[in-house]
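In this note's numbering, the protein residues as written are 36 to 491.
Some notes on the structure that comes next.
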């Protein structure tokens, strides 16, 4: 019975906008009972996948800063101290000396790229685009987690309703067994009829156990999404989900819903953004065809400790040596690529292919989104009609069971006929629940496509 419900849940593997979710406050503790909105907010604050996505966004931000740094010059400072004994060369006199000597040198150098085929500029633009793509991806992950919680929450609602149906069927069969036992002891009924209702009671008990297990599994799924301990006494708020009415969204065209979804869903925005990333990558690859130009500047100085003037024998101070030995250098470097074994050509070719792949990915995403919107709309209309029909079927089956019960109690129909009427009611109730939550899921899906929000 819940196979259709599970299929409907899979259709809801979509997004809830981050802004609508983060706007809600949370105390950090899940209340009892917890509303759907509270469960979603709790998952956002505790889910590891969301935290991982946020860390990846921070890494993309660092990459963007790294691209900005490529425009800055590089600079370095170096120093050297040397002690020598014996024959050595005196740089100040250009003569050999034979004595102990301590020398020290200091140099500063800097380099700046003046032009490198606009690679730095395009790298910065690409880094900004990649940062935006990562933010879209983080938003998608957050939305995926959020809607998984919504799906699990609604699964619990469906399981709880079916549990009530199974419980009522079990209680009804139990009452019939007790009644037939009394009639059999009074000699007013056959043993075969008693055995048949006892077998029905056993089947209903089995169905009740299965329904209880379904509730436990649904709660387990939600606990895992919320990262709760399995022993945590999770309770959900079931109020507000009894009535089902035709959504005003059914009067909106699928074209309008698609346009809103295509313009705002983060995965669609990422697909469009990825095309721009590929364009920047192509521009970077083409930049390798162009020459590079860089400028450099250097300064250095050196001095000798306890240095004596070889002519007069007078000591020369470090300050005097500092002034005399100071040197500067300025340079410009030009590099023109001629042939690099087709490396640049192949890089450009790969970038062109990646750009075309990005365009095809966007077209594919647009096609899938359009098909999803059209199917969700059609399914929502169909589910609502099925629900209305199922409600009528439940009413008719309930009345038929009441009539069959009266006839069975006076012996006008067999236990088999009575069980058939009872099973028809059970099936009608199951069909109504399946149609009800299938419709609820699909309406929420359309709401999300239209507004990027899901009402609670």
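Glycine included, C-beta positions come from ideal geometry on N, C-alpha and C.
Decide yes or no for the touch test of the stretch 136 to 154 against the stretch 108 to 119: beta carbon pairs closer than 8 Å, at least 3 of them.
yes
In this structure, what does DSSP give as the bridge partners for residue 389?
In the chain shown, residue 389 corresponds to position 354, counting from 1. DSSP output for residue 389 lists no bridge partner at all.
From the DSSP output, in three-state form, read off residue 481 for me.
Counting from 1 along the chain shown, the entry for residue 481 is found at position 446. Helix.
Cβ pair count under 8 Å reaching 3, the stretch 359 to 367 against the stretch 328 to 337:
yes
Could you work out which residue in 487, 152, 197 is closest to residue 472 when comparing CA atoms only?
As a first step, residue 472 is located in the chain shown; it is residue number 437 there, counting from the start. The option with the nearest alpha carbon to residue 472 is 197.
Does residue 339 pass the burial test, meaning 16 or more other C-beta atoms within 10 Å, or should it be called exposed?
Position 304 of the chain shown holds residue 339. Looking at its Cβ environment, which holds 16 or more other Cβ atoms inside 10 Å, residue 339 is buried.
Quick check on DSSP: helix, strand or coil for residue 283?
One-based indexing of the chain shown puts residue 283 at position 248. Three-state result, residue 283: helix.
How would you write the range of the beta strand (DSSP E) that residue 491 sits in, first residue to last?
Against the chain shown, residue 491 aligns to sequence position 456. First-last for residue 491: undefined, no H or E at that position.
Ordered list of beta strand (DSSP E) runs contained in the stretch 134 to 194, each at least 3 residues:
136 to 150
Go ahead and pull the three-state DSSP assignment for residue 472.
Along the chain shown, read from residue 1 onward, the residue named residue 472 stands at position 437. Of the three classes helix, strand and coil, the one that applies to residue 472 here is helix, per DSSP.
Whole-angstrom C-beta distance between residue 88 and residue 173, which should lie under 8 Å
One-based indexing of the chain shown puts residue 173 at position 138. One-based indexing of the chain shown puts residue 88 at position 53. About 4 Å separates the two Cβ atoms, so the contact holds.
Over the uninterrupted alpha helix (DSSP H) stretch that includes residue 98, give me the two end residues.
Numbered from its first residue, the chain shown carries residue 98 at position 63. Run containing residue 98: 83 to 104, per the alpha helix (DSSP H) assignment.
When 276, 177, 145, 353 are compared against residue 84, the one with the closest alpha-carbon:
Taking the chain shown and counting its residues from 1, the one referred to as residue 84 is at position 49. Checked all of 276, 177, 145, 353; the closest Cα to residue 84 is 177.
Contact check, residue 205 vs residue 239, beta carbons under 8 Å
Against the chain shown, residue 205 aligns to sequence position 170. Against the chain shown, residue 239 aligns to sequence position 204. Yes, the Cβ-Cβ distance between residue 205 and residue 239 is below 8 Å.
Which residue wins for smallest C-alpha separation from residue 311, given the options 401, 180, 225, 159?
Residue numbering aside, residue 311 sits at position 276 when the chain shown is read from its first letter. Nearest C-alpha to residue 311: 159.
If you pair each beta-carbon of the stretch 367 to 382 with each one of the stretch 308 to 328, do three or more pairs fall below 8 Å?
yes
Need the endpoints of the beta strand (DSSP E) that residue 330 sits in, please.
On the chain shown, position 295 is the one that residue 330 refers to. Its beta strand (DSSP E) spans residues 327 to 339.
Segment contact, 8 Å Cβ cut-off, at least three pairs: the stretch 405 to 424 with the stretch 301 to 308:
no
Could you check what DSSP says for residue 376 in three-state terms: helix, strand or coil?
Residue 376 sits at position 341 when you count from the first residue of the chain shown. Note: residue 376 maps to coil in three-state DSSP.
Excluding the 5 residues preceding and the 5 following residue 337 in the sequence, name in chain order all residues of the same chain whose CB lies nearer than 6 Å to its CB.
Residue 337 sits at position 302 when you count from the first residue of the chain shown. Closer than 6 Å at the Cβ level, and outside the excluded window around residue 337, lie 140, 360.
Mind reading off the beta-carbon distance from residue 467 to residue 425? Whole number of angstroms is fine, and I expect it under 8 Å.
Reading the chain shown from its first residue, position 432 is the one you call residue 467. Reading the chain shown from its first residue, position 390 is the one you call residue 425. Correct: roughly 4 Å between the Cβ atoms.
Which of the three DSSP states is assigned to residue 262 in this structure?
Counting from 1 along the chain shown, the entry for residue 262 is found at position 227. Coil, per DSSP.
From residue 292 to residue 396, what distance separates their C-alpha atoms?
Sequence index remark: in the chain shown, residue 292 carries index 257 (1-based). Sequence index remark: in the chain shown, residue 396 carries index 361 (1-based). Those two C-alpha atoms are separated by around 21 Å.
Compute the Euclidean distance between the alpha carbons of residue 485 and residue 403, then round it to the nearest angstrom.
On the chain shown, residue 485 is found 450 positions in, with the first residue counted as 1. On the chain shown, residue 403 is found 368 positions in, with the first residue counted as 1. Roughly 16 Å separates the two Cα atoms.
Near residue 400, what residues of its chain come up, given a Cβ to Cβ distance below 8 Å and the 5 sequence neighbours on each side ignored?
For the purposes of this step, residue 400 is taken as residue 365 along the chain shown, with counting starting at 1. Closer than 8 Å at Cβ, skipping near neighbours: 302, 303, 306.
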